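Below is one structure, written out as structure tokens; comments come after it.
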Amino acid sequence: MEKNNLKAVVFDLDGVLTDSAKYHYQAWKMLADKLGIPFDEEYNEKLKGVSRMESLELILQNGNAQDKYTQEEKVAMATEKNEFYKQLLHQITPEDVLPGIHDFLEQLKAAGIKTAVASVSHNAPFILERLELDKYFDYICDAAQVPRAKPFPDIFLSAAQNLGVEPANCIGVEDAQAGIQAINAAGMMSAGVGTESQMQEAKLILPSTAKLELGMLKEYFQLA
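Residues 115 to 338 (this note's numbering) are what the sequence shown spells out, left to right.
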């Protein structure tokens, strides 16, 4: 294995490529309101980077209702939330791509650096198609095929394996603490988009996606 040689960049989706988190919030809010459970944007922060079923459990806990429903009923609720979410996703256009992402993906493509998306969202292929970003990625992880969600490293390890690249030769880009923990556990270099307090476990902290630049990342990667 070549050390200090960047060969792949693995991206989270929500909060890194686009901000579809607002649609997740709206969909969970619709479900919570239907169930009569309090849910606001502050509590929604607990759901960042967390799988759909785990998110539902957190919402039910907020209403002391985690033991009120059968597993079958919970699966039906999660499915209903996802239907709300998919309806909202039709509002997404290429204009919703976050700042700097297009330029950064073009840089990676020109340099022959492989790319993947490692998102817990089962809707990732649809979202990337709506954003017109699907052409830039060599691999999109299927969350359904990953046994453990973030903060476990499984989805990032799957991305590296399917790209044919060692984790040590990858950078993972995330905006959630659980995602940063997953990248670190996978043995990749972590780049966190957010504030220092939010991204304190990241090896490299960027205030926004507009700061993603290949030359800077390669230099930092070689020094790490």
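Cβ coordinates follow ideal geometry from the N, Cα and C atoms, glycine included. Predicted model only: the values in this text are computed from it and were never measured.
Given a threshold of 16 other Cβ atoms within 10 Å of its Cβ, counted over all protein chains shown, does residue i qualify as buried or as exposed?
i	result
Pro-267	buried
His-138	buried
Pro-281	buried
Gly-329	exposed
Asn-158	buried
Lys-148	exposed
Asp-154	exposed
Gln-336	exposed
Met-115	The pLDDT assigned to Met-115 is 43, lower than 50, so where the model puts this residue is not dependable; a value taken from the coordinates is nonetheless given after this. By the 10 Å Cβ count, Met-115 comes out exposed.
Gly-308	buried
Thr-132	buried
Locate the beta strand (DSSP E) running through residue i, then write down its first and last residues.
i	result
Ser-304	303–307
Leu-318	318–320
Confirm, please, whether the CB-CB distance from residue j to residue i is below 8 Å.
i	j	result
Ala-230	Ala-122	yes
Met-302	Cys-284	yes
Asp-289	Gly-129	yes
Gln-185	Glu-171	no
Lys-228	Val-279	yes
Ala-305	Gly-286	yes
Leu-219	Tyr-250	yes
Ile-206	Asn-176	no
Gly-163	Ala-324	no
Leu-120	Leu-331	yes
Which partner residues of residue i appear in the DSSP bridge assignment?
i	result
Ala-122	Lys-228 and Cys-284
Thr-132	Asp-128 and Val-211
State the start and end residues of the unbroken alpha helix (DSSP H) segment that holds residue i.
i	result
Leu-161	Here Leu-161 belongs to no alpha helix (DSSP H), and DSSP marks it neither H nor E.
Ala-338	Note, Ala-338: premise wrong, no alpha helix (DSSP H); not H, not E.
Phe-270	268–277
Gly-293	291–300
Ser-169	166–176
Does the Cβ of residue i lie closer than 7 Å to at least one heavy atom of the ligand ADP?
i	result
Leu-172	This structure does not include the ligand ADP; it has no bound ligands of any sort.
To test your reading of the DSSP string, which unbroken beta strand (DSSP E) runs of 3 or more residues are found completely within the segment 182–259?
With a minimum length of 3 residues, the continuous beta strand (DSSP E) runs that stay inside the segment 182–259 are 228–231.
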